[in-house]
């Protein structure tokens, strides 16, 4: 790999589930909203195409971590809203913890310089 | 705003998910794209940019489908649940419909191919069903037999009154013995007006009883109504009743006039009943006087009998053999030792249908071959398509679908295709049937009953299901075998490796089948060409013919009839439009034969069957001139060869050769033992041989007698050779008959040329149909070869590209592809030759349809091979050219 930066794709793959679960922590969201939230909060660094987002959503739903429901709001069209299930909440916390531990470990390894 | 929903639906490969899940996913993806598009517009993007932005959300739909499929898959793959067969089937079918709609070209081509095959088979089957399969319109028809007198080489001899009476008295194995004679066309008049010519069968009173048929209206004949003085009753056919009497329910008891004789209608036959022939309009008791029977040598009756209950044909035949020996012992004069006389029994079904059965079954087999080729074609199309659908199938496998499930899905598709083809095929058959029937030879019995009924529809449905399974099984098996893992990883086309070989096998099979059919058609064509070159022995052009039956009421003495015909002949000769005219008892190709024993002066018969029994014919002066039959020796009959002059005869060349060899028969004498006084008759001439029954049959030795000297026949055929227009002569005959006798009807008025053409109608029918089937087969096989070769070239594009990049020339590539295609053709042809030879050996019926060629005619074989090789070259040419136009760089990139 000629690019000296870390492979975005690989990073995304490892963290995708966590990112999606995290956007659903405060409130249920529909697919487009989830994608937008991720882009917004990462200031555009992480972006999901529909082609990768939706299979992920379905996988999470299949695992029972999120649950999709069709909702109709006043004056709006029917949309599918995903909310975190209790199992999803636990998974989010566990993933967040291990990610943070991992990130801290990486930081410790890479930021300490032996002067 | 673009219709994103339609976009998603068109892009997303079918996922095969249960319930509404698939719709949900489509909805969700649609909303996503709509939102992307809308927000892009909101950001100030142009319409075009917004669309592109939305589309970029999903760059690869197949990959997406794969991801979704994997995501939706059960966490642990659940085993197949066979209990859900029905819902699964419904889903399979729904999925199939969508899959087929997405490939309209494939669907249309396949359905059309199957429609051709199913249509052809259904149409022929409807004829086979009506003619061969439906029971004969008699009660317990399997018990009915025809009884013939058999004379050495002639197994189907007519029967005389005394013989009929003897059989009735002596045969205990026969429950009923009935007789009839066709009286030909007679004039029917109802309350004045023009006479209508009706076909009359003169029958014994028990004919209907023996056949087990009741009248639809009124009654049939009573016992004793065939005795003298009681025969003035008739039963009319359902057809005549409707046509002539407007289905008048009060017809029973009405008096009509038949040949000027008043007769009472006592009944109407049931619909569908036609015996002895479809053309029979009316039945009248034949006078069969028990006490004063006609001479034993006067064979004119046809006999049908019912085998007694608990007896079978073999027992009846054995008993009749004994009866024959008794009769022979009692009447040595009528059945001399050399005559080879016996009594022969033949199942009625065999006698009625035996002649047409082989040809019809052969045609059905040919239609079946066309259908097989169609199946092979569709199977190979499906294989090619299946190869392109590898990824889709892999996705479904990843979804947890088992192999059996996938195979079933593909089978559902082929069944759907077959169903579409089947419906189209039945419709096509319905449309083709009238044409088929119009082409059918007139001799085909029960033609009017041919229709697409429940039985035919059932058979078509069965055929369709069978077609669906046959054409789908192979591809389904192939696809299910494929390794899903490997496919998902492989390139975008997702070709199933190794799919080429089964396709090649199909091309070989198609070519072989087409070869068999074409060879069969070729043989019939050669036979037909030979038939057309057969010399009938006379010149049919410009000759008009008509049949005149003189009623015994008005022409009681035989001299009266002779005088009438002689006056008619002279009147026609004087007509300015006529070159010459004649009358005769039975003209060539009329199908009527009438053999008679003859004693030749100085000739001693050797062995059984050695007694001369030539065809016997009464003709007028001018007969040979009118038909342009060459007089080889001696002279023609003259006007003064009448009752006042010594008796004379003319013989045909084959008769002369058979009994006189190289000697000159003119001046020699013959005698007819049948005649009461049996005087010597002097031979005055030898004429050329004439085909009497059919062009395909050998000539029969014939004895001609002047009708003015024998005058035994009151029904004669009038012949007139026209100077310019035969149609005018046709009208002239009717006019002059009526001039001589106002109440006299004319029947079977037609041109001799039509008679010749009609005598070939069965062969023409077989040839046309088989030719059509062969053409279809060749076309289908050609298309099949083309499709497979194109597919192979496509699959090999990269390989060819590499080789061309490495310096292979275009000519080399062209030759290679052509060679590959031709190798398939040659393999198919070799198999086809083998098949043809085996079929020719096993289907002995084939040789009964051939004339002048053997079933393994090498010339036909060579022509067929050349033609099919040509078709193969044409079919391979375009794919081969395409291969040479491969651009190495493009080809390599595509990999």
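Chains as they are written, first to last, in my numbering: chain A, 569 to 683; chain E, 428 to 1322. Ideal placement from N, C-alpha and C gives every residue a C-beta, glycine not left out.
Using C-beta distances below 7 angstroms, list every residue in its chain close to residue 485 (chain E), excluding the 5 sequence neighbours before and after it, in chain order.
491
Let me know if residue 922 (chain E) comes out buried or exposed under the rule of 16 or more other beta-carbons within 10 Å of its beta-carbon.
Bear in mind that a pLDDT of 45 at residue 922 (chain E), under 50, signals an unreliable position, so the number given afterwards is only what the model happens to contain. Looking at its Cβ environment, which holds 16 or more other Cβ atoms inside 10 Å, residue 922 (chain E) is buried.
I want to verify the contact list: residues of chain A whose CB lies under 8 angstroms from the CB of residue 487 (chain E), in sequence order.
619
Residue(s) in a DSSP beta bridge with residue 626 (chain E):
E:612
With 8 angstroms as the C-beta to C-beta threshold (strictly closer), list the residues of the region 447 to 463 of chain E near chain A in chain order.
451, 452, 454, 455, 456, 458, 459, 460, 462, 463
Looking at residue 632 (chain A) and the ligand SAH, is the gap between the Cβ and the nearest heavy atom below 7 angstroms?
With respect to small molecules bound, the structure shown includes none, and the ligand SAH cannot be examined in it.
Tell me the rounded alpha-carbon separation between residue 433 (chain E) and residue 452 (chain E).
13 angstroms
7 angstroms Cβ shell around residue 904 (chain E) - same chain, five flanking residues per side excluded
834
Measuring only between beta-carbons, confirm whether residue 491 (chain E) sits less than 8 angstroms from chain A.
yes
DSSP-derived helix/strand/coil call for residue 1144 (chain E)
strand
Assigned exposure category for residue 670 (chain A) - 16 Cβ within 10 Å defines buried
exposed
Three or more C-beta pairs closer than 8 angstroms, one from the region 1114 to 1126 of chain E and one from the region 974 to 990 of chain E: is that the case here?
no
Option nearest residue 605 (chain E) by Cα separation, candidates E:1110, E:713, E:788, E:666
E:713
Below 6 angstroms CB to CB, which residues in the same chain sit around residue 682 (chain E) once its five sequence neighbours on both sides are set aside?
689, 691
Anticipated Cβ contact below 8 angstroms, residue 1262 (chain E) with residue 943 (chain E), distance rounded:
5 angstroms
Which residues DSSP lists as bridging residue 768 (chain E), in chain order
E:578
Ignoring anything shorter than 3 residues, give me the beta strand (DSSP E) runs that lie fully in the region 1267 to 1310 of chain E, in order along the chain.
none
Which residues does DSSP list as the beta-bridge partners of residue 638 (chain A)?
A:648
With 8 angstroms set as the bound, which would you pick, yes or no: does the beta-carbon of residue 626 (chain A) sit closer than that to a beta-carbon of chain E?
yes
Tell me whether residue 1338 (chain E) sits in a helix, a strand or coil according to DSSP, three-state version.
It is not possible to answer for residue 1338 (chain E), since the shown part of chain E is limited to 428 through 1322.
Under DSSP, the beta strand (DSSP E) around residue 966 (chain E) begins and ends at which residues?
Where residue 966 (chain E) is concerned, there is no enclosing beta strand (DSSP E), given that its DSSP letter is neither H nor E.
Which class does residue 631 (chain A) belong to by DSSP, given the choice of helix, strand or coil?
helix
Would the region 1241 to 1254 of chain E count as touching the region 1297 to 1308 of chain E if we require 3 or more Cβ pairs under 8 angstroms?
yes
Applying a beta-carbon distance threshold of less than 8 angstroms, which residues of chain A neighbour residue 495 (chain E)?
622, 623, 626
Inside the region 1042 to 1100 of chain E only - beta strand (DSSP E) runs reaching at least 3 residues:
1042 to 1046, 1058 to 1061, 1075 to 1079, 1096 to 1098
Which stretch, first to last residue, makes up the beta strand (DSSP E) that contains residue 647 (chain E)?
First-last for residue 647 (chain E): undefined, no H or E at that position.
Do you know offhand how far residue 552 (chain E)'s Cα is from residue 717 (chain E)'s?
47 angstroms
Give the residues of chain A in contact with residue 498 (chain E), contact being defined as C-beta atoms less than 9 angstroms apart.
622, 623, 624, 625, 626, 627, 628, 629, 630
For residue 537 (chain E), count neighbouring Cβ atoms within 10 angstroms of its own Cβ and tell me buried if that reaches 16, exposed if not.
buried
Shortest alpha-carbon distance to residue 988 (chain E) belongs to which of E:871, E:1109, E:977, E:996?
E:977
Measuring only the C-alpha atoms, how far is residue 1311 (chain E) from residue 902 (chain E)?
29 angstroms
Tell me the DSSP bridge mates of residue 660 (chain A)?
DSSP lists no partner for residue 660 (chain A).
Using a Cβ-Cβ cutoff of less than 6 angstroms, which residues in the same chain neighbour residue 925 (chain E) once the five nearest sequence positions on both sides are dropped?
Confidence at residue 925 (chain E) is low in this model, with a pLDDT of 49, below 50, so the placement of that residue is unreliable and no value is reported for it.
Let me confirm a value: residue 694 (chain E) is counted as buried when at least 16 other C-beta atoms fall within 10 Å, else exposed. Which label applies?
buried
Residue 1268 (chain E), buried or exposed, once every other Cβ within 10 Å from all chains shown has been counted against 16:
exposed
Around the C-beta of residue 869 (chain E), are 16 or more other C-beta atoms found within 10 angstroms, so that it is buried, or is it exposed?
exposed
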